[in-house]
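Asks: Note that the protein sequences, when read in sequence, are chains A and B.
In this text, residue positions in the first sequence follow my numbering: the first is 9, and each later residue adds one.
In this text, residue positions in the second sequence follow my numbering: the first is 2, and each later residue adds one.
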Amino acid sequence: MAKEKLNEIQLAAILALFLIALFLVATMSLPAPVPEKPTSYKAGKISVNIVNTEAQKQTTKGLIKVNIIPREVKNG
Amino acid sequence: MAKSKTNWNTLIALLAIVVIAAIGLLTSFVPKTSGAAEGLVNFTISGALSITLPNSIVDFGTGYVTLGDTYAILDSNSTSPTGWTSTANGVDGWPSNTDYIVLENNGNVNANVTIKANKTASEFVGGTNPAQWYAAMDNEAGSCTGDLQSDYADLTTSETNLCSSLGYADSADTLNVMFKLQVPSDASPAAKSNTITFTAYQV
Chain A
9 MAKEKLNEIQ LAAILALFLI ALFLVATMSL PAPVPEKPTS YKAGKISVNI VNTEAQKQTT
69 KGLIKVNIIP REVKNG
Chain B
2 MAKSKTNWNT LIALLAIVVI AAIGLLTSFV PKTSGAAEGL VNFTISGALS ITLPNSIVDF
62 GTGYVTLGDT YAILDSNSTS PTGWTSTANG VDGWPSNTDY IVLENNGNVN ANVTIKANKT
122 ASEFVGGTNP AQWYAAMDNE AGSCTGDLQS DYADLTTSET NLCSSLGYAD SADTLNVMFK
182 LQVPSDASPA AKSNTITFTA YQV
């Protein structure tokens, strides 16, 4: 009976030590996460819709000027 | 002895479970090395019809019909008026320099541009047989890709064609508009002006 209890204690101890060792290995030796690097691509799509929402007609004004003076004045 | 063997079997089973769980835990940290994405960018540009006049005046200055001539011809595209004695240049230097109304399409659609005057030649210049004409040419090469009125045509109070398709690219969107007047010798002396209206329609 003492031998069997000793085996159960040994069993629990071995299991505990294994779990501790596994935890240490898992937390200390895991590589740091690296950014995702896509290695394959699919085409995206850019679309544009040009619409006319402004006035369809516009006016602007210029000017022609001339100053006509009497000939008599210049030719005395 | 049988109990001890049972314990060892239990130990082995537990270890197997722990190992499998550990493998699962470790593989969950392995970074992904491939991926793909697909997206859609959508936007709208509104079209704007707009013309402007960087130079809005043709000024023939001051002068008179030379004595002995029945009329004078004043051409803003020429520095050699006929039958005209100039006593003062216009604001842009005519007749020493040519002078144009400069019309630019500063919108983002092609424009069909027309021209009209608010006065007839008789109302503007007066006298016997006055006349007024207009024409246009590219200020920037390739500006007018449609029907360009490149030869002098009568300038009337009704809309007539100037350029049926004026482009909007910054490097090719500007016209020079020139004018020619026939001033009779009996035109009354005065400072005279005629307003010119340019109208743009979307092509």
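Where a beta carbon is used, it is the ideal one built from N, C-alpha and C, also for glycine.
Quick one: give me the first and last residue of the beta strand (DSSP E) that Ser166/B is part of.
Replies: 161-167
Asks: Determine, using beta-carbon pairs with one atom in the region 139-151 of chain B and one in the region 194-201 of chain B, whether at least three such pairs fall under 8 Å.
Replies: Contact between the region 139-151 of chain B and the region 194-201 of chain B is absent: fewer than three C-beta pairs spanning the two stretches fall below 8 Å.
Asks: Just checking: is the beta-carbon of Ser57/B within a distance shorter than 7 Å of some beta-carbon in chain A?
Replies: yes
Asks: Just the Cα atoms here: how many angstroms apart are Gly1/B and Ala173/B?
Replies: Because chain B in this structure spans residues 2 to 204, residue 1/B falls outside the shown range and cannot be described.
Asks: If you pair each beta-carbon of the region 46-56 of chain B with each one of the region 67-84 of chain B, do three or more pairs fall below 8 Å?
Replies: no
Asks: Helix, strand or coil: which one does DSSP assign to Thr115/B?
Replies: strand
Asks: Assign Glu105/B to one of three DSSP states: helix, strand, or coil.
Replies: strand
Asks: Bridge partners of Lys65/A, per DSSP?
Replies: Tyr202/B
Asks: Starting from Lys122/B, trace the alpha helix (DSSP H) in both directions and tell me its first and last residue.
Replies: Note on residue identity: the sequence assigns Ala, not Lys, to residue 122/B. 122-125 is the span of the alpha helix (DSSP H), which, as asked, contains Ala122/B.
Asks: For chain A, check one thing: does any of its Cβ atoms lie closer than 7 Å to the Cβ of Ile74/B?
Replies: no
Asks: Mind pulling the chain A residues with CB within less than 8 Å of Tyr169/B?
Replies: Taking a Cβ-Cβ cut-off of 8 Å, Tyr169/B has no neighbours in chain A, whose nearest Cβ is about 12 Å from it.
Asks: For Val74/A, would you say it is in contact with chain B, using Cβ-to-Cβ distances shorter than 7 Å as the test?
Replies: yes
Asks: Can you check whether the CB of Tyr169/B is closer than 7 Å to the CB of Asn113/B?
Replies: no
Asks: Does the structure place the region 91-100 of chain B close enough to the region 154-165 of chain B that three or more beta carbon pairs sit under 8 Å?
Replies: no
Asks: Is the Cβ-Cβ distance between Ile77/A and Pro131/B less than 7 Å?
Replies: no
Asks: How would you list, in chain order, the residues of chain A whose beta-carbon sits under 8 Å from the beta-carbon of Val184/B?
Replies: Contacts between Val184/B and chain A, judged by CB atoms closer than 8 Å, involve Val74, Ile76 in chain order.
Asks: Distance cutoff 7 Å, beta carbons only. Does Leu5/A sit that close to anything in chain B?
Replies: With chain A running from 9 to 84 in the structure shown, residue 5/A is simply not present.
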